[in-house]
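If you use our numbering, the sequence shown corresponds to residues 478 to 615, in order.
Before any comments, here is the structure.
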Amino acid sequence: MHISKAQKIDQQQSYPCPCPRKRGTLQPITLTDALGCDRCSLIFVVEEGGYSLVQLGGIDPYRRAWQWVGSKWQPSRGSTAKHPLDPPVSMMLASMALLVILLAINSGSPPSLLVVSILLTLLILITWWVLVLRRRDF
Numbered sequence: 478m479h480i481s482k483a484q485k486i487d488q489q490q491s492y493p494c495p496c497p498r499k500r501g502t503l504q505p506i507t508l509t510d511a512l513g514c515d516r517c518s519l520i521f522v523v524e525e526g527g528y529s530l531v532q533l534g535g536i537d538p539y540r541r542a543w544q545w546v547g548s549k550w551q552p553s554r555g556s557t558a559k560h561p562l563d564p565p566v567s568m569m570l571a572s573m574a575l576l577v578i579l580l581a582i583n584s585g586s587p588p589s590l591l592v593v594s595i596l597l598t599l600l601i602l603i604t605w606w607v608l609v610l611r612r613r614d615f
């Protein structure tokens, strides 16, 4: 697998917009250090020494960033801000799963209830995992 190295972003050059919905072009905004898309009206700034493009504003709570690898934008890992509710939601899901298993064990019920509770716990964990993976793709 060929991994391209990030290239420095020239703020006077035009680039394709990293937004996947509309195929716009990033143009320099006069008298600013920002770039704007001519189709989706998003505004971006260059950070990290000129190697990272960061989206400003918008309704998305995450700070999305990309790096230019010569012909396309590659999402920058680790620069996306974590959602503030991730730890509490994770703790809540783990507590619910543990509670369901403990209730099934302590109730003296048939083993089938224990199997159902373990399957329910696995379903909760798989759902959480899919949501985490989906969030990383931005």
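Cβ atoms here follow ideal geometry from the backbone N, Cα and C, with glycine treated the same way.
Determine the contact status of residue i and residue j, defining contact as a CB-CB distance below 8 Å.
i, j, result
"E488", "L512", "According to the sequence provided, residue 488 is Gln. The question's Glu does not apply to it. Yes. Within cutoff."
"L503", "C514", "yes"
"S570", "W605", "The sequence as given places Leu at residue 570; Ser does not occur at that position. Yes, the pair counts as a contact, with Cβ atoms nearer than the cut-off."
"I582", "L591", "yes"
"I520", "G501", "no"
"I603", "M573", "no"
"S567", "I578", "no"
"I506", "W545", "no"
"P448", "W550", "Nothing can be reported for residue 448: it is not among the residues displayed for the chain, which extend from 478 to 615."
Quick one: residues in its chain with C-beta nearer than 8 Å to the C-beta of residue i, no 5 flanking neighbours on either side, listed in chain order?
i, result
"G547", "S481 and Q484"
"S584", "L590"
"V522", "D510, A511, L512, L530, V531 and L533"
Spatial neighbours of residue i within its chain, please: C-beta separation below 6 Å, excluding the five flanking residues on both sides.
i, result
"Y492", "L503"
"S556", "Reliability of the predicted coordinates at S556 is poor, the pLDDT of 47 falling under 50, and no value is obtained from them."
"L596", "none"
"R498", "none"
Return the bridge partner residues of residue i from the DSSP annotation.
i, result
"G513", "Q504 and I520"
"Y492", "L503"
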